[in-house]
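Quick notes on the structure that follows.
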Amino acid sequence: MIRLSTATPDFASAFAALVNARREADADVARDVSAIIARVRDEGDAAVGALTLQFDRHDLDRSGWRIDLADCRTAYEALDPTLRAALDLAAQRITTYHQKQRPEGSDTTDSAGVRLGARWSAVEAAGVYVPGGRAAYPSSVLMNAIPAKVAGVDRLVMVTPTPRGEINPLVLAAAHLAGVDEVWRVGGAQAVAALAYGTDRIRPVDVITGPGNAWVAEAKRQLYGVVGIDMVAGPSEIVVVADGQNNPEWIAADLLSQSEHDPTSQSILFTDDEGFADRVAAAVEAQVATLATAKVARAAWDANGAIILVRDFAEAMPLVDRLAAEHLELAVGDPQSLFDQVRHAGSVFLGRHTPEAVGDYVAGPNHVLPTGRRARFSSGLSVLDFMKRTSFLQLDPASLAAIGPAALALAEAEGLPAHARSVALRLG
Numbered sequence: 534m535i536r537l538s539t540a541t542p543d544f545a546s547a548f549a550a551l552v553n554a555r556r557e558a559d560a561d562v563a564r565d566v567s568a569i570i571a572r573v574r575d576e577g578d579a580a581v582g583a584l585t586l587q588f589d590r591h592d593l594d595r596s597g598w599r600i601d602l603a604d605c606r607t608a609y610e611a612l613d614p615t616l617r618a619a620l621d622l623a624a625q626r627i628t629t630y631h632q633k634q635r636p637e638g639s640d641t642t643d644s645a646g647v648r649l650g651a652r653w654s655a656v657e658a659a660g661v662y663v664p665g666g667r668a669a670y671p672s673s674v675l676m677n678a679i680p681a682k683v684a685g686v687d688r689l690v691m692v693t694p695t696p697r698g699e700i701n702p703l704v705l706a707a708a709h710l711a712g713v714d715e716v717w718r719v720g721g722a723q724a725v726a727a728l729a730y731g732t733d734r735i736r737p738v739d740v741i742t743g744p745g746n747a748w749v750a751e752a753k754r755q756l757y758g759v760v761g762i763d764m765v766a767g768p769s770e771i772v773v774v775a776d777g778q779n780n781p782e783w784i785a786a787d788l789l790s791q792s793e794h795d796p797t798s799q800s801i802l803f804t805d806d807e808g809f810a811d812r813v814a815a816a817v818e819a820q821v822a823t824l825a826t827a828k829v830a831r832a833a834w835d836a837n838g839a840i841i842l843v844r845d846f847a848e849a850m851p852l853v854d855r856l857a858a859e860h861l862e863l864a865v866g867d868p869q870s871l872f873d874q875v876r877h878a879g880s881v882f883l884g885r886h887t888p889e890a891v892g893d894y895v896a897g898p899n900h901v902l903p904t905g906r907r908a909r910f911s912s913g914l915s916v917l918d919f920m921k922r923t924s925f926l927q928l929d930p931a932s933l934a935a936i937g938p939a940a941l942a943l944a945e946a947e948g949l950p951a952h953a954r955s956v957a958l959r960l961g
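Per the working numbering, residue 534 is the first one in the sequence shown, and the count goes up by one each step.
Written out as structure tokens, the structure is:
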């Protein structure tokens with residue numbers, strides 16, 4: 534774990550190294566994924582089956598390619614009532630939040646008599662990737678599938694790896710609750726390629742969303758253009774801005790909540806209280822040993838964790854913006870004043886009683902968020918990722934006469950005579 538202080542002479546260079554540290558896929562991953570994509574594109578189901586046997590160690594022809602929707606319903610009905618109620622609450626809150634994101638079209642006639650506007654429509658088919666290797670995440674099913682359903686997607690397809698043919702029933706239950714139409718027992722880059730190109734069994738989709746490992750993220754990156762994607766997601770990350778009035782145990786748990794995701798996850802604390810920094814560091818050491826995920830959390834914290842001491846939070850906020858983190862907690866007495874200074878963050882959690890983990894499950898906003906400083910230019914998953922906007926125009930002779938000559942002049946200036954003629958012939 535790195536300890537930095539803005540008061541030290543080498544802070545600028547040390548912080549720059551932290552900002553620019555690369556924790557994502559390397560050239561070897563890109564090369565391997567490219568080969569997998571080409572194989573699936575050329576060989577279809579045969580490649581998907583062989584790669585599943587290689588990586589997930591089960592034969593799809595024996596374990597079954599597709600999971601019956603009745604099995605999803607059965608998994609949901611068999612849940613412990615408390616867990617089912619929690620899943621229901623999460624689905625309800627996620628649905629309500631995302632319904633407010635649905636865009637409205639426009640249809641107006643301007644002063645020249647030109648009718649113009651835009652119409653929003655959902656994509657026909659979307660694919661949702663749900664991790665199933667290191668851990669199974671029913672919350673990811675809800676966060677990806679519900680916005681697609683709210684958008685009005687006709688066919689929603691879920692792919693998820695099932696190591697040795699086994700699948701977490703919670704994932705199936707969430708698929709039922711979210712209204713997934715197809716569930717396929719495939720994962721990895723081969724699943725992304727199958728969704729993009731289609732195979733004899735799996736029909737192609739228009740958009741692919743959902744988190745995954747480095748191979749999944751790289752497959753989405755390489756296939757963008759063949760298919761739409763939500764984002765290229767990297768390792769999880771959190772930045773916590775906390776003053777000395779916090780309980781250090783709470784903040785330590787918040788930091789570890791990201792460290793336990795993956796050895797490449799990053800957790801960073803900014804504080805203006807050196808004693809509090811020491812107490813948080815000690816609390817992390819005490820807590821990490823108690824976690825079932827201790828091996829992963831320890832590796833992530835040791836390699837990518839950081840505590841940064843600042844003189845005050847006015848000094849901290851520009852540094853926070855440079856990190857453009859996936860998750861940002863503002864655990865201070867007046868979080869709004871700091872939030873007003875934030876320009877780059879995937880999702881922000883305001884106040885001492887708003888742990889990021891609540892946002893992962895039941896708060897409502899989407900937990901699929903930009904990582905790797907991409908919050909500088911992109912946003913979290915939303916209904917808009919499953920929709921597209923089509924503009925339209927309608928002119929009559931009078932409105933064409935009003936604006937057509939300008940179009941004619943510009944077409945001639947650009948040296949495009951057919952463009953000019955298509956307008957001129959109508960002008961008479």
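Note that CB positions come from ideal geometry on N, CA and C, so glycine has one too.
Out of curiosity, what's the CA-to-CA distance linking residue 740 and residue 536?
-> The sequence position of residue 740 within the sequence shown is 207, counting from 1. The sequence position of residue 536 within the sequence shown is 3, counting from 1. Going from the Cα of residue 740 to the Cα of residue 536 covers about 42 Å.
Alpha helix (DSSP H) runs contained entirely in the segment 812-881, provided each spans 4 or more residues | 827-837, 846-856, 868-872
Opposite residue 927 in the DSSP bridges: which residues?
-> On the sequence shown, residue 927 is found 394 positions in, with the first residue counted as 1. Looking at the DSSP assignment, residue 927 forms a beta bridge with 648.
Those runs of the alpha helix (DSSP H) which lie wholly inside the segment 741-798 and span at least 4 residues | 747-756, 781-792
Contact belief for residue 760 with residue 729 at Cβ below 8 Å, rounded distance in angstroms = In the sequence shown, counting from the first residue as 1, residue 760 sits at position 227. In the sequence shown, counting from the first residue as 1, residue 729 sits at position 196. That belief holds up - the Cβ atoms of residue 760 and residue 729 are roughly 4 Å apart, short of 8 Å.
With respect to the alpha helix (DSSP H) encompassing residue 688, which residues constitute its N-terminal and C-terminal limits?
-> For the purposes of this step, residue 688 is taken as residue 155 along the sequence shown, with counting starting at 1. Looking at the DSSP string, residue 688 is not in any alpha helix (DSSP H); the run it does join, the beta strand (DSSP E), is 688-692.
CB of residue 952 to nearest heavy atom of the ligand NAP: below 7 Å?
-> The ligand NAP is not among the ligands present in this structure, which contains no ligands whatsoever.
Would you identify the three-state DSSP class for residue 937, choosing helix, strand or coil?
-> The residue labelled residue 937 in the question sits at position 404 within the sequence shown. Residue 937 falls in the helix class under three-state DSSP.
Report, in whole angstroms, the separation of the C-beta atoms of residue 900 and residue 764, which I expect to be a contact under 8 Å.
-> Here residue 900 is taken as the residue at index 367 of the sequence shown, counted from 1. Here residue 764 is taken as the residue at index 231 of the sequence shown, counted from 1. Not quite, the Cβ-Cβ distance comes to about 13 Å (not below 8 Å), so this is no contact.
So residue 813 and residue 771 are in contact, right, with Cβ under 8 Å, and what is the actual spacing, rounded?
-> By 1-based counting over the sequence shown, the position of residue 813 is 280. By 1-based counting over the sequence shown, the position of residue 771 is 238. Incorrect: roughly 13 Å between the Cβ atoms, too far for contact.
Nonlocal neighbours in the same chain, by C-beta distance under 6 Å from residue 953, ignoring five residues either side | Residue mapping note: residue 953 aligns to position 420 of the sequence shown, counting from 1. Within the same chain, residue 953 has close Cβ partners 941, 944, 945.
Any 3 or more C-beta pairs closer than 8 Å across the segment 636-647 and the segment 924-935 | yes
Report back the beta-carbon spacing between residue 658 and residue 688 to the nearest angstrom; my notes put them in contact at under 8 Å.
-> Within the sequence shown, the letter at position 125 stands for residue 658. Within the sequence shown, the letter at position 155 stands for residue 688. About 4 Å; that satisfies the 8 Å criterion.
Whose CA, out of 858, 716, 704, 585, lies closest to the CA of residue 769?
-> If you number the sequence shown from 1, residue 769 lands on position 236. Among 858, 716, 704, 585, the Cα nearest to that of residue 769 is on 858.
Tell me, to the nearest whole angstrom, how far the beta carbon of residue 744 is from that of residue 703; I am working on the premise that it is less than 8 Å.
-> Mapped onto the sequence shown, residue 744 falls at position 211. Mapped onto the sequence shown, residue 703 falls at position 170. No, residue 744 and residue 703 are not in contact; Cβ-Cβ is about 16 Å, not under 8 Å.
Using a Cβ-Cβ cut-off of 7 Å (strictly less than) and excluding sequence neighbours within five positions of residue 638, which residues of its own chain qualify?
-> The residue labelled residue 638 in the question sits at position 105 within the sequence shown. Around residue 638: 650, 651, 652, 653.
Are residue 725 and residue 753 closer than 8 Å when you measure CB to CB?
-> What you label residue 725 is simply residue 192 of the sequence shown in a count that begins at 1. What you label residue 753 is simply residue 220 of the sequence shown in a count that begins at 1. Result yes, Cβ atoms of residue 725 and residue 753 sit closer than 8 Å.
Does DSSP put residue 543 in a helix, a strand or coil?
-> Counting from one through the sequence shown, the residue named residue 543 turns up at place 10. In this structure, residue 543 counts as coil in the three-state DSSP scheme.
Would you kindly check if the distance between the Cβ of residue 631 and the Cβ of residue 853 is under 8 Å?
-> Here residue 853 is taken as the residue at index 320 of the sequence shown, counted from 1. Here residue 631 is taken as the residue at index 98 of the sequence shown, counted from 1. No, Cβ-Cβ distance for residue 853 and residue 631 is not below 8 Å.
Assign residue 910 to one of two classes, buried (16 or more other C-beta atoms within 10 Å of its C-beta) or exposed (fewer than that).
-> Taking the sequence shown and counting its residues from 1, one reaches residue 910 at position 377. Residue 910 should be labelled exposed.
N-terminal and C-terminal residue of the alpha helix (DSSP H) that residue 732 is part of | In the sequence shown, counting from the first residue as 1, residue 732 sits at position 199. Unbroken run through residue 732: none, as it is neither H nor E.
Return the bridge partner residues of residue 655 from the DSSP annotation.
-> The residue given as residue 655 occupies position 122 in the sequence shown. Per DSSP, 920.
Say whether the segment 881-893 touches the segment 609-627, bearing in mind that this needs 3 or more beta-carbon pairs closer than 8 Å, one atom from each stretch.
-> no
DSSP three-state assignment for residue 672, whether helix, strand or coil | The residue given as residue 672 occupies position 139 in the sequence shown. Here residue 672 sits in helix by DSSP.
Nearest-angstrom Cα separation, counted from residue 873 out to residue 815 | As a first step, residue 815 is located in the sequence shown; it is residue number 282 there, counting from the start. As a first step, residue 873 is located in the sequence shown; it is residue number 340 there, counting from the start. Those two C-alpha atoms are separated by around 31 Å.
What's the C-alpha gap between residue 956 and residue 634?
-> Reading the sequence shown from its first residue, position 423 is the one you call residue 956. Reading the sequence shown from its first residue, position 101 is the one you call residue 634. Roughly 39 Å between the two C-alpha positions.
Assign residue 828 to one of two classes, buried (16 or more other C-beta atoms within 10 Å of its C-beta) or exposed (fewer than that).
-> For the purposes of this step, residue 828 is identified with residue 295 of the sequence shown, where counting begins at 1. Flag for residue 828 reads exposed.
Would you tell me roughly how many angstroms separate the C-alpha atoms of residue 898 and residue 880, rounded to the nearest one?
-> As a working mapping, residue 898 is identified with position 365 in the sequence shown. As a working mapping, residue 880 is identified with position 347 in the sequence shown. Rounded to the nearest angstrom, the two C-alpha atoms are 8 Å apart.
Since residue 885 contacts residue 779 with CB under 8 Å, what's their CB separation in whole angstroms?
-> As a working mapping, residue 885 is identified with position 352 in the sequence shown. As a working mapping, residue 779 is identified with position 246 in the sequence shown. Indeed they touch by this definition, with Cβ atoms about 6 Å apart.
Check residue 716 in the structure and name its three-state DSSP category.
-> The residue given as residue 716 occupies position 183 in the sequence shown. Residue state, collapsed to three classes: strand.
What distance in whole Å lies between the Cβ atoms of residue 762 and residue 802, which are believed to be in contact at a cut-off of 8 Å?
-> The residue given as residue 802 occupies position 269 in the sequence shown. The residue given as residue 762 occupies position 229 in the sequence shown. 32 Å between Cβ atoms; not a contact.
Looking at the structure shown, is residue 578 part of a helix, part of a strand, or coil, going by DSSP?
-> Working through the sequence shown from its first residue, we reach residue 578 at position 45. Three-state DSSP puts residue 578 in a helix.
Can you tell me whether DSSP reads residue 910 as helix, strand or coil?
-> Numbered from its first residue, the sequence shown carries residue 910 at position 377. Three-state result, residue 910: coil.
Would you kindly work out how many angstroms separate the C-alpha atoms of residue 896 and residue 927, rounded to a whole number?
-> Counted from its first residue, the sequence shown places residue 896 at position 363. Counted from its first residue, the sequence shown places residue 927 at position 394. Cα to Cα, the separation comes out at about 43 Å.
Return helix, strand or coil for residue 538, following the three-state DSSP convention.
-> Here residue 538 corresponds to residue number 5 of the sequence shown, with the count starting at 1. Note: residue 538 maps to strand in three-state DSSP.
With C-beta atoms as the reference, is residue 580 less than 8 Å away from residue 590?
-> Taking the first residue of the sequence shown as position 1, residue 580 is located at position 47. Taking the first residue of the sequence shown as position 1, residue 590 is located at position 57. No, Cβ-Cβ distance for residue 580 and residue 590 is not below 8 Å.
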